[in-house]
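Student:
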Amino acid sequence: MSSIEIDPGTASAPDQKPVKPVPPAVRIARDFVESPLAVLGLVILLCIVAIAILATVIAPQNPYDLSEIRLEDSRQPPGSLRMTDPWETDLILAIDPTTEGRTEITFLDEAPFDGAVLSWTPVSDENAVVVRLVFDPALDSVPLEPLRLDELPRGADLNVGEKHSFRSFWTVEPADLEEFTISSSRALDQPFELELAVHGTEGETIMTYWLGTDGQGRDMLSAIMYGLRTSLAVGVVSCFFAMVIGLSLGMIAAFFGGKIETVIMRIVDLQLSFPTILVALMLLAILGSGVEKVMLALVIVQWAYFARTARSVALVERSKEYVEAAQCLALSRTRVIFRHLLPNCLPPIIVVATVQVANAIALEATLSFLGIGLPVTEPSLGLLISNGFEYMLSGRYWISVYPGIALLITIIAINLVGDRLRDILNPRLNR
Amino acid sequence: MWKSLSAATLAAGMVLGTVAHAEDITIAVASEVTAMDPHYHNTGNNNQIVGLIYDRLLHQDSNQQLGPGLAVEWGPIADDVWEFQLREGVTFHDGSAFTAEDVVFSYERVPNVPNSPSSFATYTAGIAEIIVVDDHTIQFRTNGPYPLLPIDLSTIQIISSENPEATTEEFNAGPASIGTGPYRFVSYTPGESIVLEANPDYWGGAPQFDTVTYRPISSDAARVAALLAGDVDVISGVPTSDIETLEGNEDIVLSQGVSNRVIYLHIDSRRVYSPFVTDNDGNQIFNPFQDVRVRRAISMAIDRETIVEEVMEGIAIPAGQVLPEGFFGVSDNIEVPEYDPEGARELLAEAGYPDGFRLTIHGPNDRYINDEQIAQAIAQMLTRVGIQTEVETMPRSVYFGRATGDENGSEFSLMLVGWGSGTGEASSPLRALLHTRDDDTGLGRTNRGRYSSAAFDATLQLALNTVDDDLRQELLARATEIAMREIGLIPTHFQVNTWATRAGLRYLPRTDEYTRPTNVVIE
Chain E
2 MSSIEIDPGT ASAPDQKPVK PVPPAVRIAR DFVESPLAVL GLVILLCIVA IAILATVIAP
62 QNPYDLSEIR LEDSRQPPGS LRMTDPWETD LILAIDPTTE GRTEITFLDE APFDGAVLSW
122 TPVSDENAVV VRLVFDPALD SVPLEPLRLD ELPRGADLNV GEKHSFRSFW TVEPADLEEF
182 TISSSRALDQ PFELELAVHG TEGETIMTYW LGTDGQGRDM LSAIMYGLRT SLAVGVVSCF
242 FAMVIGLSLG MIAAFFGGKI ETVIMRIVDL QLSFPTILVA LMLLAILGSG VEKVMLALVI
302 VQWAYFARTA RSVALVERSK EYVEAAQCLA LSRTRVIFRH LLPNCLPPII VVATVQVANA
362 IALEATLSFL GIGLPVTEPS LGLLISNGFE YMLSGRYWIS VYPGIALLIT IIAINLVGDR
422 LRDILNPRLN R
Chain Z
212 MWKSLSAATL AAGMVLGTVA HAEDITIAVA SEVTAMDPHY HNTGNNNQIV GLIYDRLLHQ
272 DSNQQLGPGL AVEWGPIADD VWEFQLREGV TFHDGSAFTA EDVVFSYERV PNVPNSPSSF
332 ATYTAGIAEI IVVDDHTIQF RTNGPYPLLP IDLSTIQIIS SENPEATTEE FNAGPASIGT
392 GPYRFVSYTP GESIVLEANP DYWGGAPQFD TVTYRPISSD AARVAALLAG DVDVISGVPT
452 SDIETLEGNE DIVLSQGVSN RVIYLHIDSR RVYSPFVTDN DGNQIFNPFQ DVRVRRAISM
512 AIDRETIVEE VMEGIAIPAG QVLPEGFFGV SDNIEVPEYD PEGARELLAE AGYPDGFRLT
572 IHGPNDRYIN DEQIAQAIAQ MLTRVGIQTE VETMPRSVYF GRATGDENGS EFSLMLVGWG
632 SGTGEASSPL RALLHTRDDD TGLGRTNRGR YSSAAFDATL QLALNTVDDD LRQELLARAT
692 EIAMREIGLI PTHFQVNTWA TRAGLRYLPR TDEYTRPTNV VIE
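One line per chain: the protein sequences are E and Z, in this order.
Add 1 to the 1-based position in the first sequence for my numbering, that's all there is to it.
Add 211 to the 1-based position in the second sequence for my numbering, that's all there is to it.
1) According to DSSP, which residues form a beta bridge with tryptophan 348 of chain Z?
2) Could you say which of E/Ile253, E/Val402 and E/Glu35 lies nearest to isoleucine 338 of chain E if we only look at CA atoms?
3) In terms of residue numbering, what span does the alpha helix (DSSP H) encompassing alanine 432 of chain Z cover?
4) Measure the CB-CB distance between leucine 671 of chain Z and valine 464 of chain Z and report whether it falls below 8 Å.
5) Proline 427 of chain Z: which of Z/Ser447, Z/Tyr413 and Z/Trp414 sits nearest, CA to CA?
6) Give me, in chain order, the residues of the same chain whose beta-carbon lies closer than 7 Å to that of tyrosine 718 of chain Z; leave out the 5 immediate sequence neighbours on both sides.
7) If I follow the unbroken beta strand (DSSP E) through arginine 1 of chain E, where does it start and stop?
8) Going by DSSP, what residue range makes up the beta strand (DSSP E) through serine 398 of chain Z?
9) Could you tell me whether the Cβ of serine 395 of chain E comes closer than 8 Å to any Cβ of chain Z?
10) Between glutamine 272 of chain E and chain Z, is any beta-carbon pair separated by less than 8 Å?
11) So, does the CB of glutamate 521 of chain Z fall closer than 8 Å to a CB anywhere in chain E?
12) Could you tell me if histidine 165 of chain E is buried or exposed, where buried requires 16 or more neighbouring beta carbons within 10 angstroms of its beta carbon?
13) If I'm right that asparagine 128 of chain E touches serine 68 of chain E with Cβ under 8 Å, what's the distance once you round it to whole angstroms?
14) Since isoleucine 70 of chain E meets chain Z, which of its residues come closer than 8 Å, beta carbon to beta carbon?
15) Less than 8 Å between the CB atoms is what I'm expecting for alanine 332 of chain Z and valine 321 of chain Z, so what's the real figure, rounded?
16) Assuming contact is defined by CB atoms lying nearer than 8 Å, are glutamine 584 of chain Z and glutamine 357 of chain E in contact in what I supplied?
17) Does the CB of serine 185 of chain E have a neighbour CB from chain Z at under 8 Å?
18) Along the alpha helix (DSSP H) that carries aspartate 420 of chain E, what are the first and last residues, could you check?
19) Residues in the same chain with beta-carbon distance under 6 Å from valine 602 of chain Z, minus the five sequence neighbours each way, listed in chain order, please.
20) With distance defined between alpha-carbon atoms, name the residue in Z/Trp414, Z/Asn410 and Z/Arg648 nearest to aspartate 421 of chain Z.
21) Taking tyrosine 334 of chain Z as the reference, which of Z/Asp345, Z/Ile349, Z/Val343 and Z/Thr353 has the closest Cα?
22) Please determine if the segment 255 to 267 of chain E and the segment 404 to 424 of chain E are in contact, where contact requires at least 3 C-beta pairs separated by less than 8 Å.
23) Cutting at 6 Å between CB atoms, please list the residues of its own chain near phenylalanine 705 of chain Z, excluding the five before and the five after it.
24) Thinking C-beta only, is leucine 229 of chain E closer than 8 Å to isoleucine 52 of chain E?
25) Please list, in chain order, all residues of the same chain as threonine 735 of chain Z whose beta carbon is under 6 Å from its beta carbon, the five residues on each side excluded.
26) I want to know whether the segment 267 to 286 of chain E touches the segment 325 to 335 of chain E - three or more CB-CB distances under 8 Å.
27) Is it the case that the CB of valine 609 of chain Z approaches a heavy atom of the ligand ATP more closely than 7 Å?
28) Comparing C-alpha positions only, which one of Z/Pro575, Z/Asn658, Z/Tyr564 and Z/Gly540 sits nearest to aspartate 490 of chain Z?
29) Would you kindly check if the distance between the Cβ of threonine 85 of chain E and the Cβ of isoleucine 207 of chain E is under 8 Å?
30) Using DSSP bridges, identify the partner residues of asparagine 736 of chain Z.
31) Please report whether the beta-carbon of leucine 67 of chain E lies at a distance below 8 Å from any beta-carbon of chain Z.
32) Determine contact between the segment 546 to 565 of chain Z and the segment 574 to 581 of chain Z, defined as no fewer than three beta-carbon pairs at a distance below 8 Å.
33) Could you give the distance in angstroms between the alpha-carbon of proline 192 of chain E and the alpha-carbon of threonine 182 of chain E?
34) Quick one: what's got a C-beta closer than 8 Å to serine 75 of chain E's C-beta in the same chain, skipping five residues either side?
35) State buried or exposed for asparagine 323 of chain Z, treating a residue as buried only when at least 16 other CB atoms are found within 10 Å of its CB.
36) Are any of the Cβ atoms in chain E nearer than 8 Å to that of serine 242 of chain Z?
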């Protein structure tokens, strides 16, 4: 481990030994590739980072743009297609039940019909009228959504189809329209207008929802890519700032000792005695929601880990000869701390940092799962999982499971890399 | 022969009777009560439970039709005087007799409950004087003709006058929770359960369950899971996404009913600046909702059919007014507004917003069926017509206070809310949501958007003073038409409620959304 202690500022002094010292980075890299699992983790992690960075380019949809997602496509299973709007036409069928009648209907819109003929005959002595509606070409030659017939006169019944259990419309089969009877408990003596909604099923395919869609019609694949982006950004950025703050305070504590150390380390103890999730929840309750606020909350709950590690490492390093030597050279305090002490404290900090990135991502997901943190229209992985959770009983597993897998893989990959780094950088485990 | 047959029938009846009476029932509901004090908070969650411990002068049935309760006969004896004959021989759970004094005491207590988040005072404000004729006859003198008095009084629980100083805390703890109702108070553990036991001396006959336990389970999935596991017998608020799966389950019985609850958007339409409206660069602009064209554009931009079909999975009814078809005072002339994004964009341009503006819609996330998803869906639709909309949802404990705001108005600009008509007719939402806010009369107390229209107010006031039912119905419909034409609020849909029971039980739906053991049928 001596090579790691070589201070970049002093290592340039010519050495008598003929062997050229291996730069630490190269040695670490060499050690790292010895573990295939760690390499796999690193490769996966790099892929995830690439996906996250390129999400805006490679995602099939921008899941945060409300005008791009379609409510009509909500909760579609994996592999469904996004289509253009199919044609739809709402026919008004004006009927005067007191006399016989016939009207021709022409279609102005894109509906695939040349025309239709509506005719009706009142049934004598009964409050009923027989209605015939014939389409050209025949209605059942065209793929249709279930037909809806609405606006029946009050108290009226149909002899075909089925009335919705609590809404006013009837669902009828295409063949039923060729002849059906409207009968009523009241006198049918006023003209009335029925409304028939004819909706086609076919549009043109725009894209495939490979992983299905969520409750708002968001493409899950895109949402996961964007979610990874948010999760990684939140994890890395909050960890970086937590590290900067924690490292500085930890080293100051170790270097100066005395009252400064006591104050800093008691704050650290205080901070670590609270459950992180509780502190984060309280902070977000005060701060409100938003990405920056989640990051701030994560920095506040995480810096203490770095501070404690930094202090313990710095305490050990501080008593070593090279620090003494540096001090004997009358180098400034700042220089000793930042040029000599700091680089030698870094290895354990790097290990803590990798673990904490994974923790931060998990914590952000937890906060989002609990419904605080990021806005609902810009879901991160945790929020996606939480949104999908309510659909689990109904068998729409994909809304929750796929983001869950993405989160799992990310955290495992980071941990694999972190574990290996710890093995390499921990002198006690060194063979 | 005849005798033995009838004896056999009687015996069978007794056997059935004992079976039925030996039952206990556990009901899981989504929301917890805020108090056991029956006059503290006018909200369905509380009313459904306290209404079992107490009676009202008149009772509303499952369709909110009035029937006798503690009063057996009632009617106006002059334009402004109503007389109620009270039921004789009724005793409170502590054994004391029910008399007119209890009625007077209850109504006098209503406006004086401290810290009430939503008072019942609206329903007693019209009473000028209460005259006790004898122990079982009582008269109400009202300020002018007041045809809604019986309906309004059917919302107020009658408590015992034995304990005049009872505080809300004493009701929660139990000693003050003394009523005349079919069930007696046993315990209330906040967050855990409310336990009631049968009142065998109930004037309407002993109830069918010995013990009733209400458990609040706010998570939809957990509530369904509790029913599937057999922990509870009845659940309310079955999530729409689970209905299809549960329909195929033989151990579960579903029942469904249209409610009196409209889900709607309140729009901040009076203030010069609205807190959550900016131009596309984030700068404050004059409140665009003052312009009726902008309000109409928002209504046109909302695809109600898609909300019902996709977000509610078909379990709702698109709405164009404040109560569904068939209720008293509903207008036949109002259609559900057509979805017309092109028209909405044109109207926005005409009103001076060709590029739209920025907006945040607020909503609760634990109050109405799929509330958070509805808010997001509306945001999606508004964004499509050029109004860049963000969504912020929050728990109802925070949400409603902020939505109501203070005398300066709501903290929000566009908010998703719901209103169940406690009286089962149109005047309840019209009075509370659309009348110009007036703290003296209690009208417009929940008018969060501060819509104000002289024509509407006058028509509604006329309706409230009209004794003739047909004419009142007509006037209420006219008032509704005015408010809907001026987009005083934007209705989206009527809730349809789903209850699930274990096999062997069936729930008879109520339009007021209450979940009560008295509506459970043993099969």
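Using N, Cα and C, we set each Cβ at its ideal position, and we do this for glycine too.
What you are looking at is a predicted structure, and each value in this text was computed from that prediction instead of being measured.
Tutor: Here's the rundown:
1) Here the question's residue 348 of chain Z lines up with position 137 in the second sequence. Sequence check: residue 348 of chain Z is threonine here, not tryptophan. In the DSSP output, where bridge partners are listed per residue, threonine 348 of chain Z has Z/Gln296 and Z/Asp345.
2) Locating residue 338 of chain E in the first sequence gives position 337, counting from the first residue. The residue with the shortest Cα to Cα distance from isoleucine 338 of chain E is E/Ile253.
3) As a position in the second sequence, residue 432 of chain Z is number 221, starting the count at 1. Where alanine 432 of chain Z is concerned, the enclosing alpha helix (DSSP H) stretches over 431 to 439.
4) Residue 671 of chain Z sits at position 460 when you count from the first residue of the second sequence. Residue 464 of chain Z sits at position 253 when you count from the first residue of the second sequence. For leucine 671 of chain Z and valine 464 of chain Z, no; Cβs fall outside 8 Å.
5) Position 216 of the second sequence, counted from the start, is the residue given in the question as residue 427 of chain Z. Ranking Z/Ser447, Z/Tyr413 and Z/Trp414 by Cα distance to proline 427 of chain Z puts Z/Ser447 first.
6) For the purposes of this step, residue 718 of chain Z is taken as the residue at position 507 of the second sequence. For tyrosine 718 of chain Z, where only same-chain residues beyond five positions count, the Cβ hits under 7 Å are Val445, Ser466, Trp710, Thr712, Asn730 and Val731.
7) A query on residue 1 of chain E cannot be resolved here, the shown segment of chain E reaching from 2 to 432 and no further.
8) Position 187 of the second sequence, counting from 1, holds the residue named residue 398 of chain Z. Note, serine 398 of chain Z: beta strand (DSSP E), 394 to 400.
9) What you label residue 395 of chain E is simply residue 394 of the first sequence in a count that begins at 1. Yes, serine 395 of chain E counts as interfacial toward chain Z.
10) For the purposes of this step, residue 272 of chain E is taken as the residue at position 271 of the first sequence. Not an interface residue.
11) Here residue 521 of chain Z refers to the residue found at position 310 of the second sequence. Yes, its Cβ sits closer than 8 Å to a Cβ of chain E.
12) Counting from one through the first sequence, the residue named residue 165 of chain E turns up at place 164. Exposed, by the Cβ-count rule.
13) Counting from 1 along the first sequence, the entry for residue 128 of chain E is found at position 127. Counting from 1 along the first sequence, the entry for residue 68 of chain E is found at position 67. With 8 Å as the limit, asparagine 128 of chain E and serine 68 of chain E do not qualify as a contact, their Cβ atoms being about 49 Å apart.
14) As a working mapping, residue 70 of chain E is identified with position 69 in the first sequence. Chain Z residues near isoleucine 70 of chain E: Gln591.
15) For the purposes of this step, residue 332 of chain Z is taken as residue 121 along the second sequence, with counting starting at 1. For the purposes of this step, residue 321 of chain Z is taken as residue 110 along the second sequence, with counting starting at 1. Going by Cβ atoms, the distance from alanine 332 of chain Z to valine 321 of chain Z rounds to 6 Å, so yes, they are a contact pair.
16) Reading the second sequence from its first residue, position 373 is the one you call residue 584 of chain Z. Reading the first sequence from its first residue, position 356 is the one you call residue 357 of chain E. Taking 8 Å as the Cβ cut-off, glutamine 584 of chain Z and glutamine 357 of chain E do not qualify as a contacting pair.
17) In the first sequence, residue 185 of chain E corresponds to position 184, counting from 1. Taking Cβ atoms only, chain Z never reaches closer than 8 Å to serine 185 of chain E, which makes this a no.
18) Along the first sequence, read from residue 1 onward, the residue named residue 420 of chain E stands at position 419. Aspartate 420 of chain E -> alpha helix (DSSP H) spans 399 to 426.
19) Indexing the second sequence from 1 puts residue 602 of chain Z at position 391. Ile572, Ala586, Gln587 and Ala590, listed in sequence order.
20) Your numbering for residue 421 of chain Z matches position 210 in the second sequence. Looking at the Cα atoms, Z/Asn410 is the closest of the given residues.
21) Your numbering for residue 334 of chain Z matches position 123 in the second sequence. Selected option, being the one with the closest Cα: Z/Thr353.
22) no
23) In the second sequence, counting from the first residue as 1, residue 705 of chain Z sits at position 494. Closer than 6 Å at the Cβ level, and outside the excluded window around phenylalanine 705 of chain Z, lie Val473, Ile528, Ala530 and Pro535.
24) Indexing the first sequence from 1 puts residue 52 of chain E at position 51. Indexing the first sequence from 1 puts residue 229 of chain E at position 228. In this structure, leucine 229 of chain E lies closer than 8 Å to isoleucine 52 of chain E by Cβ.
25) Coverage of chain Z is limited to positions 212 through 734, which leaves residue 735 of chain Z absent and any answer about it impossible.
26) no
27) Although the ligand ATP was asked about, the structure shown includes no ligands whatsoever.
28) Locating residue 490 of chain Z in the second sequence gives position 279, where the first residue counts as 1. Nearest C-alpha to aspartate 490 of chain Z: Z/Tyr564.
29) The residue you call residue 207 of chain E lines up with position 206 of the first sequence. The residue you call residue 85 of chain E lines up with position 84 of the first sequence. Yes; because the gap between Cβ atoms is below 8 Å, this pair is in contact.
30) The structure shown does not extend to residue 736 of chain Z, since chain Z is modelled only from 212 to 734, so the question has no answer here.
31) One-based indexing of the first sequence puts residue 67 of chain E at position 66. Taking Cβ atoms only, chain Z reaches closer than 8 Å to leucine 67 of chain E, which makes this a yes.
32) no
33) The residue you call residue 192 of chain E lines up with position 191 of the first sequence. The residue you call residue 182 of chain E lines up with position 181 of the first sequence. In a straight line, the C-alpha of proline 192 of chain E is about 15 Å away from that of threonine 182 of chain E.
34) Taking the first residue of the first sequence as position 1, residue 75 of chain E is located at position 74. Thr214, Asp215, Gly216, Gln217 and Gly218.
35) By 1-based counting over the second sequence, the position of residue 323 of chain Z is 112. So asparagine 323 of chain Z counts as exposed.
36) Taking the first residue of the second sequence as position 1, residue 242 of chain Z is located at position 31. With 8 Å as the cut-off, serine 242 of chain Z does not count as an interface residue toward chain E.
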